[in-house]
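Working notes, structure below.
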Amino acid sequence: MNQRSPRALIAVLLLAAAALWVDLDFSHGEWYKSLLFWRPAESRDLKVVLGLDLQGGQEVLLQPDPGPGQIIKSDDIVAAIVVITKRINALGVAEALIQKVGLDRIAVQLPGVKDPDQAIKTFGQTGLLEFIDTGEVSVPEGTLVTTTGFSGSADSGTPAASATSAPTTPATRAPTLSPTGAATTPLSGTTGVTATASVTPSAPLSPTLPLTQTPALGPYRTIMTGIHIESAQVGFDQTTNEPIVQFTLKSDGARIFADYTSKNVGRYLTIVLDKRVISSPRIQSAILQGSGQISGNFTRDSAESLSVQIRYGALPVPLKILSSRTVGPTLGQDSINKSLLAGLIGIGAVVIFMLLYYRLPGLLANLALILYGGLVFAIFKLLPVTLTLAGIAGFVLSIGMAVDANVLIFERMKEELRAGRSLRSAMRAGFERAWLSIRDSNISSLITCAILFWFGSNFGASIVAGFALTLAIGILVSLFTAIFVTRTLMNFVIDSELVKNLWWYGVGSSNEPGA
Amino acid sequence: MIDIVSKRYWFFAVSLLVILPGLYSLATAGLKLSIAFTSGSLLELRVNSVTNQTLAVADVRRIAGERISSDAVIQIGGADTIIIRSKPMKQDDKVALVVDLEAMYGKTTELSFETVGAEVSQEVTGAAVNAVILASLAILAWITVAFYRVPKPYRYGVAAIIAMLHDVAVVIGMASILGQLFNFEIDALFLTALLTVIGFSVHDTIVVFDRIRENVVRHRGMAYESIVNHSIVQTLDRSINTTLTVLLTLFALWLFGGITIRNFVLTLLLGIFSGSYSSIFNAAQILVAWESGEVGRFFRRLRGQATA
Numbered sequence: 003m004n005q006r007s008p009r010a011l012i013a014v015l016l017l018a019a020a021a022l023w024v025d026l027d028f029s030h031g032e033w034y035k036s037l038l039f040w041r042p043a044e045s046r047d048l049k050v051v052l053g054l055d056l057q058g059g060q061e062v063l064l065q066p067d068p069g070p071g072q073i074i075k076s077d078d079i080v081a082a083i084v085v086i087t088k089r090i091n092a093l094g095v096a097e098a099l100i101q102k103v104g105l106d107r108i109a110v111q112l113p114g115v116k117d118p119d120q121a122i123k124t125f126g127q128t129g130l131l132e133f134i135d136t137g138e139v140s141v142p143e144g145t146l147v148t149t150t151g152f153s154g155s156a157d158s159g160t161p162a163a164s165a166t167s168a169p170t171t172p173a174t175r176a177p178t179l180s181p182t183g184a185a186t187t188p189l190s191g192t193t194g195v196t197a198t199a200s201v202t203p204s205a206p207l208s209p210t211l212p213l214t215q216t217p218a219l220g221p222y223r224t225i226m227t228g229i230h231i232e233s234a235q236v237g238f239d240q241t242t243n244e245p246i247v248q249f250t251l252k253s254d255g256a257r258i259f260a261d262y263t264s265k266n267v268g269r270y271l272t273i274v275l276d277k278r279v280i281s282s283p284r285i286q287s288a289i290l291q292g293s294g295q296i297s298g299n300f301t302r303d304s305a306e307s308l309s310v311q312i313r314y315g316a317l318p319v320p321l322k323i324l325s326s327r328t329v330g331p332t333l334g335q336d337s338i339n340k341s342l343l344a345g346l347i348g349i350g351a352v353v354i355f356m357l358l359y360y361r362l363p364g365l366l367a368n369l370a371l372i373l374y375g376g377l378v379f380a381i382f383k384l385l386p387v388t389l390t391l392a393g394i395a396g397f398v399l400s401i402g403m404a405v406d407a408n409v410l411i412f413e414r415m416k417e418e419l420r421a422g423r424s425l426r427s428a429m430r431a432g433f434e435r436a437w438l439s440i441r442d443s444n445i446s447s448l449i450t451c452a453i454l455f456w457f458g459s460n461f462g463a464s465i466v467a468g469f470a471l472t473l474a475i476g477i478l479v480s481l482f483t484a485i486f487v488t489r490t491l492m493n494f495v496i497d498s499e500l501v502k503n504l505w506w507y508g509v510g511s512s513n514e515p516g517a
Numbered sequence: 008m009i010d011i012v013s014k015r016y017w018f019f020a021v022s023l024l025v026i027l028p029g030l031y032s033l034a035t036a037g038l039k040l041s042i043a044f045t046s047g048s049l050l051e052l053r054v055n056s057v058t059n060q061t062l063a064v065a066d067v068r069r070i071a072g073e074r075i076s077s078d079a080v081i082q083i084g085g086a087d088t089i090i091i092r093s094k095p096m097k098q099d100d101k102v103a104l105v106v107d108l109e110a111m112y113g114k115t116t117e118l119s120f121e122t123v124g125a126e127v128s129q130e131v132t133g134a135a136v137n138a139v140i141l142a143s144l145a146i147l148a149w150i151t152v153a154f155y156r157v158p159k160p161y162r163y164g165v166a167a168i169i170a171m172l173h174d175v176a177v178v179i180g181m182a183s184i185l186g187q188l189f190n191f192e193i194d195a196l197f198l199t200a201l202l203t204v205i206g207f208s209v210h211d212t213i214v215v216f217d218r219i220r221e222n223v224v225r226h227r228g229m230a231y232e233s234i235v236n237h238s239i240v241q242t243l244d245r246s247i248n249t250t251l252t253v254l255l256t257l258f259a260l261w262l263f264g265g266i267t268i269r270n271f272v273l274t275l276l277l278g279i280f281s282g283s284y285s286s287i288f289n290a291a292q293i294l295v296a297w298e299s300g301e302v303g304r305f306f307r308r309l310r311g312q313a314t315a
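Those protein sequences? They're chains E and Z, same order as listed.
Quick note: the first sequence uses this note's numbering, first residue 3, plus one each step.
Quick note: the second sequence uses this note's numbering, first residue 8, plus one each step.
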């Protein structure tokens with residue numbers, strides 16, 4: 003590598019072109035996707051992934067909160083993740099990330115979610131829907147009740163599979179409802195979805211929701227749960243035009259429902275979600291068609307939320323929120339604009355400084371620095387690295403550190419030139435002698451990065467992990483650009499007669515002694 | 008040549024002058040910890056419609072007292088931002104609180120909402136302490152390995168760690184003082200900054216040590232003190248220039264970056280400045296003090312006073 007090496011220069015130029023190609027936002031064609039083999043097939047694209055703090059969104063850490071006597075199996079966590087994923091997909095959140103963290107925690111990231119409160123309600127609630135027998139009384143909406151349930155919670159069967167699996171056991175758990183065999187109309191045939199169940203919303207006893215913790219009423223007998231429901235969707239009441247949730251039942255559910263309603267006309271069938279009453283209608287006539295509707299004081303969103311919960315079943319275990327973080331999109335956009343500006347100003351300041359202080363080598367270091375920026379950004383896109391505010395800060399900081407290796411080399415080179423060495427040999431000595439301290443100091447920084455990354459990814463502090471990752475990538479790439487790229491460029495220009503004067507290297511203004 | 012090493016006690020004194028007030032503040036007042044370490048909720052709202060009601064802490068406190076708890080801390084930022092800190096808020100209570108505030112002030116935008124439960128915050132605190140200890144040990148081990156050719160390589164590791172602890176003390180002490188004066192809070196980003204400072208501090212120290220390592224071999228027979236001084240002076244340009252470029256980028260971030268990372272950047276600025284100072288004026292000088300037996304004499308004198 004002593005003399006001009008066209009091969010190295012060509013390699014650098016090719017790399018720069020490739021980085022530019024990845025970095026620029028234009029239609030890249032489809033073929034490149036096969037090159038991104040390490041990423042899942044559905045997400046092979048060259049987009050910058052912005053973290054929640056930059057685009058706004060929500061991050062929630064959940065943990066099972068079992069009731070007394072309930073034991074959590076690791077299958078339950080997996081099943082819960084499946085249920086949450088389905089519910090979130092139904093909410094229409096793009097690029098949500100749901101993953102197991104540690105032993106039994108679930109981290110949910112919802113980028114760009116518009117209504118975080120509603121989102122938490124939709125995926126965070128157990129979503130155990132029960133139809134309970136409250137006999138001759140209508141229970142006010144919002145009341146907390148206890149139920150006999152199907153063994154206390156929804157742990158019978160795997161609710162996640164409710165959409166596909168054949169209806170199973172729970173039918174036997176309603177002993178008083180002896181199957182009449184009077185086959186109801188097949189549900190597939192019900193076309194007009196509305197107006198079947200006798201849902202006259204009971205007039206609430208108190209005008210507002212009783213949020214106070216009154217002792218729970220009950221226990222009431224559970225007639226049927228959400229497991230028996232085939233599908234649910236939002237509709238509107240024909241007379242009041244209020245949002246309602248319409249449902250159709252699976253065949254065994256339809257049987258239970260038909261049987262129960264025909265025997266209990268005039269009594270109240272109360273609908274309960276997570277032990278809280280949604281509505282408490284009176285059975286006006288037997289319901290044989292296997293479909294019905296729930297009305298309560300729904301808004302459009304809360305009706306949607308309930309229908310999503312019914313459709314995808316109950317969580318196998320109640321979850322509690324350990325921590326949550328919501329960032330509004332306004333704040334995110336504000337942050338990204340500002341840190342981009344700061345990054346540009348930071349780079350600009352460093353470029354000017356290097357040029358003024360180190361002159362020709364400074365110019366070459368600046369070219370290497372620009373390539374450095376392009377390469378790091380390309381790696382962010384390729385991996386991909388989720389860019390957070392701290393991640394950008396890590397990147398901006400690494401710009402300052404990226405020139406450190408060059409500063410070390412050039413200072414060494416100056417010393418050698420002052421000591422009377424020729425340009426070439428001063429340059430060689432500069433690179434050689436600086437290498438040890440570049441290596442040792444950067445390894446210590448990488449050690450810190452590794453510990454930061456471990457700390458961040460194990461304790462839900464994803465910003466810390468993001469920062470460590472971008473800084474580590476920055477250090478590795480800067481080693482390459484500051485040493486290999488700068489040396490290649492320098493090899494190429496150093497023999498030129500135009501730059502023989504030592505002024506070009508920031509050392510006095512005499513000519514090279516050997517020249 | 009500038010003689011830096013012989014004035015080492017002046018430089019140690021300057022360090023103490025900066026560190027001691029910070030440590031005093033730390034011992035008496037401690038640090039202001041964010042909810043990431045203490046658990047709790049932080050709600051930030053922007054009022055975006057124009058009502059005749061101007062934001063008043065007392066009003067917000069009254070509403071918050073009804074919905075969440077009376078000991079919530081309320082801050083009004085600028086003309087339109089409400090910041091509420093409290094014990095962990097329940098989702099329903101938060102929604103109710105926002106509804107009440109909107110009734111008073113008109114439509115609001117939720118800028119951010121963060122809740123951390125006690126379990127998580129304890130884990131984070133424990134992990135943070137472990138991370139700092141682990142980083143120190145790993146760096147000590149690495150330096151001892153990297154300097155194995157030099158006589159007494161562990162001294163280099165220990166000196167680098169002392170210089171690093173110096174920077175940690177500067178940053179934490181300043182954070183404590185700033186906490187008293189400006190409500191500066193310690194959060195996960197602060198830890199990130201602290202660990203970065205540790206990395207940078209050692210990075211900087213190693214460059215000087217590397218030069219000593221080289222000169223010790225090259226100038227056998229020369230007094231250790233002048234070898235060290237030589238090495239510091241030779242790397243001085245580089246130390247200043249690198250620090251300058253890093254500080255330039257950080258200043259840009261501080262001036263133009265988002266408000267959310269301002270404390271983070273400030274921490275980095277303080278720490279990196281301190282890291283450069285300690286690598287030039289402390290780390291290598293500790294080696295000299297150690298080599299010339301001053302450290303041992305110092306401890307002997309201490310012990311002598313204790314027994315007397």
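Every residue gets a Cβ at the ideal spot worked out from N, C-alpha and C, and that includes glycine.
Would you grab the beta carbon distance between residue i and residue j for me? Rounded to a whole angstrom, and I think it's under 8 Å.
i	j	result
arginine 107 (chain E)	leucine 64 (chain E)	7 Å
threonine 122 (chain Z)	serine 325 (chain E)	6 Å
serine 183 (chain Z)	alanine 43 (chain Z)	With 8 Å as the limit, serine 183 (chain Z) and alanine 43 (chain Z) do not qualify as a contact, their Cβ atoms being about 17 Å apart.
valine 157 (chain Z)	valine 223 (chain Z)	6 Å
alanine 260 (chain E)	leucine 290 (chain E)	5 Å
valine 80 (chain Z)	arginine 92 (chain Z)	4 Å
Mapping DSSP to helix, strand and coil, what is residue i?
i	result
glutamate 244 (chain E)	coil
serine 143 (chain Z)	helix
serine 46 (chain Z)	coil
tyrosine 155 (chain Z)	coil
glutamate 61 (chain E)	strand
glutamine 241 (chain Z)	helix
asparagine 503 (chain E)	strand
methionine 403 (chain E)	helix
So that I know if they touch, is there some Cβ in chain E lying closer than 8 Å to that of residue i?
i	result
phenylalanine 280 (chain Z)	no
serine 285 (chain Z)	no
glycine 164 (chain Z)	no
aspartate 217 (chain Z)	yes
isoleucine 9 (chain Z)	no
threonine 88 (chain Z)	no
glycine 303 (chain Z)	no
glycine 124 (chain Z)	yes
Does the separation of the CB atoms of residue i and residue j fall below 8 Å?
i	j	result
valine 215 (chain Z)	threonine 249 (chain Z)	no
isoleucine 134 (chain E)	valine 274 (chain E)	yes
leucine 371 (chain E)	alanine 404 (chain E)	yes
leucine 481 (chain E)	alanine 421 (chain E)	no
alanine 305 (chain E)	valine 398 (chain E)	no
leucine 198 (chain Z)	alanine 135 (chain Z)	yes
valine 103 (chain E)	isoleucine 86 (chain E)	no
serine 318 (chain Z)	aspartate 174 (chain Z)	In this structure chain Z extends from 8 to 315, so residue 318 (chain Z) is not present and cannot be described.
Could you tell me whether the Cβ of residue i comes closer than 8 Å to any Cβ of chain Z?
i	result
lysine 277 (chain E)	no
isoleucine 83 (chain E)	no
phenylalanine 457 (chain E)	yes
proline 181 (chain E)	Interpretation of proline 181 (chain E) is limited by its pLDDT of 28, a score under 50 that renders its predicted location unreliable; no figure is taken from the coordinates.
glycine 402 (chain E)	yes
isoleucine 134 (chain E)	no
request  = Say whether the region 197-216 of chain Z touches the region 441-452 of chain E, bearing in mind that this needs 3 or more beta-carbon pairs closer than 8 Å, one atom from each stretch.
outcome  = yes
message = Under 8 Å, with one C-beta from each stretch per pair, do the region 47-59 of chain E and the region 320-339 of chain E reach the 3-pair mark?
response = Under the Cβ criterion (8 Å, minimum of three pairs), the region 47-59 of chain E counts as touching the region 320-339 of chain E.
query = Between the region 420-440 of chain E and the region 168-186 of chain Z, do at least 3 Cβ pairs fall closer than 8 Å?
reply = Counting C-beta pairs with one atom in each stretch, the region 420-440 of chain E and the region 168-186 of chain Z have fewer than three that are closer than 8 Å, which means they do not touch.
inquiry  = For the pair the region 296-304 of chain Z and the region 371-389 of chain E, tell me if three or more CB-CB distances fall below 8 Å.
reply    = no
task = Answer yes if the region 34-45 of chain E comes into contact with the region 70-78 of chain E, meaning at least three C-beta pairs across the two stretches below 8 Å, and no otherwise.
result = no
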